[in-house]
Amino acid sequence: MKIELKNVSKSFGSKKAVDNMSITLEENKIYGLLGRNGAGKTTLMQMLAGHALPSSGEILINGQNPFNNRDITKDICLVNESNNFIKRLKIKDILKVASLFYPNWSWETANALLTTFNLNPTLKTKGLSKGMESSLGIIIGLASRAKITILDEPYIGLDAAARFKFYEVLLEEYEEFPRTIILSTHLIDEVSNLFEEVVLMRSGGLVFHKSTEELLDSSITVSGKKEAVDEFAQGKRVLHESILAGRKTVTLFGEGLTVEEAARHNLDADRSSIQQLMVYMTEEELQGGKQYA
Numbered sequence: 009m010k011i012e013l014k015n016v017s018k019s020f021g022s023k024k025a026v027d028n029m030s031i032t033l034e035e036n037k038i039y040g041l042l043g044r045n046g047a048g049k050t051t052l053m054q055m056l057a058g059h060a061l062p063s064s065g066e067i068l069i070n071g072q073n074p075f076n077n078r079d080i081t082k083d084i085c086l087v088n089e090s091n092n093f094i095k096r097l098k099i100k101d102i103l104k105v106a107s108l109f110y111p112n113w114s115w116e117t118a119n120a121l122l123t124t125f126n127l128n129p130t131l132k133t134k135g136l137s138k139g140m141e142s143s144l145g146i147i148i149g150l151a152s153r154a155k156i157t158i159l160d161e162p163y164i165g166l167d168a169a170a171r172f173k174f175y176e177v178l179l180e181e182y183e184e185f186p187r188t189i190i191l192s193t194h195l196i197d198e199v200s201n202l203f204e205e206v207v208l209m210r211s212g213g214l215v216f217h218k219s220t221e222e223l224l225d226s227s228i229t230v231s232g233k234k235e236a237v238d239e240f241a242q243g244k245r246v247l248h249e250s251i252l253a254g255r256k257t258v259t260l261f262g263e264g265l266t267v268e269e270a271a272r273h274n275l276d277a278d279r280s281s282i283q284q285l286m287v288y289m290t291e292e293e294l295q296g297g298k299q300y301a
């Protein structure tokens, strides 16, 4: 299912949560939706799932508006960070209700994941810990086999072992039943190897939408003597710089940056991580990056 946003904005009073955003997402890819708190990610996901209308602009999924459109929303599953369930129901009842909403629902997946995350289906959701509640959300998201599965910080409260198990089963499910997965997360270093494409938001707007390969090939972090680093950075876009004990480190972003070129300047260099790029490119004071003259 193809997702198209055309000049989409969403306002709450005088606050623009999403600001004139245009983007196209192709089907059957894993997307990382990144940005700091307040960047507009959750609002965007609510609109994609048909739970909210944009204030202006147009959202199309397979050419149709998803809002209040059962023909489209039956194929979209949104798992929020919290408050996904009616608290008086048992886990088994929550899963039964969820199965009625999604035509591709897999009980085999749901039951297997109950065992994986050690969840007793007779427990009431009211008494679940934060980690158990997150596990239940993950089970619904993956068992739904919705053509568009949107996960908003789905693992709050999970320990490291459980999170890595989630990444493992996410890939297994994706390979068995390809779909569009949109994953919003702050634990970028843990999951960046899952992303095929990355969408970065800042202050409600789109900073970039790139393939992971293209993104990583566009940035390097170099360090060495200050004079050599400054010479290498000449004319390039600098996202971040620091000096410690006379040694300077800069993170650069742009086309044609290679580790080999930096080595020829006697500099240490490595590709920047997506986590670094997200942090540096969403700093409030950053206005397009510093350009070395």
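Going by the working numbering, the first residue of the sequence shown is number 9, and it counts up by one from there.
The beta carbon of each residue, even a glycine, is placed where N, CA and C say it ideally should be.
Excluding five sequence positions before and after LEU265, the CB atoms of its chain that fall closer than 6 angstroms to its own CB belong to ILE228, given in chain order.
Nearest C-alpha to PHE125 among PHE172, SER226 and GLU269: PHE172. The residue among LEU56, ALA154 and LYS134 with its C-alpha nearest the C-alpha of GLN72 is LEU56.
In this structure, DSSP gives SER107 a helical state, which the three-state scheme calls helix. Residue pairing for ARG171: DSSP places it in no beta bridge. Look at ASN15 here: in three-state DSSP terms it is strand.
When only Cα atoms are considered, GLY243 and LEU214 end up about 25 angstroms apart. Of the candidates SER219, ASP238, SER143 and SER137, ASP238 places its Cα closest to the Cα of ARG255. Within 10 angstroms of the beta-carbon of ARG78 lie fewer than 16 other beta-carbons, which makes it exposed. Note that the C-beta distance between MET9 and ILE189 is not below 8 angstroms.
Assigned with DSSP and collapsed to three states, ASN119 falls in helix.
Membership of MET29 in the beta strand (DSSP E) is indicated by the continuous run 23-33. Considering only LEU136, VAL267, ASN274 and ALA47, the residue with the shortest C-alpha distance to GLU235 is ASN274.
Note: SER192 is bridge-paired with LEU41 and ASP160 in the DSSP secondary-structure output. In the DSSP assignment, PHE216 falls within the beta strand (DSSP E) that extends over 213-219.
Comparing C-alpha distances from THR220 to each of ARG245, GLU183 and SER280 shows the shortest one belongs to SER280.
Note on geometry: alpha-carbon atoms of THR32 and LEU252 lie some 42 angstroms from one another.
In the structure shown, GLN242 falls within a coil segment according to DSSP collapsed to helix, strand and coil. In summary, LYS95 is exposed, with fewer than 16 beta-carbon neighbours lying within 10 Å of its beta-carbon over all protein chains present. Closest in alpha carbon position to LEU41, among SER250, SER200, VAL206 and SER211, is VAL206.
Close CB contacts of PHE203 within its chain, under the 8 angstroms cut and outside five residues either way in sequence, are with ILE38, TYR39, GLY40, LEU191, THR220 and ILE282 (chain order).
Counting only residues of its own chain and dropping the five nearest sequence neighbours on each side, ILE84 has a CB closer than 6 angstroms to the CB of ALA57, ALA154 and ILE156. Taking the C-beta atoms as reference points, ALA170 is found no nearer than 8 angstroms to ILE147.
In the three-state scheme derived from DSSP, where H, G and I count as helix and E and B as strand, GLU180 is classed as helix. Contact between SER142 and TYR163 holds, with the beta-carbon distance rounding to 5 angstroms and staying under 8 angstroms.
In the displayed model, LYS95 falls within coil according to three-state DSSP, outside both helix and strand. Assignment of ALA60 by DSSP, reduced to helix, strand and coil, places it in the coil class. With respect to the C-alpha of VAL16, the residue from HIS59, THR130 and SER63 having the closest C-alpha is SER63. For ALA106, the closest of ASN76, ILE80, LEU144 and GLN54 by C-alpha to C-alpha distance is LEU144. In its chain, beyond the 5 residues on either side, GLY139, SER142, SER143 and PHE174 have a beta carbon closer than 8 angstroms to the beta carbon of LEU166. The C-beta distance from GLY43 to LEU208 rounds to 6 angstroms, short enough to meet the 8 angstroms contact threshold.
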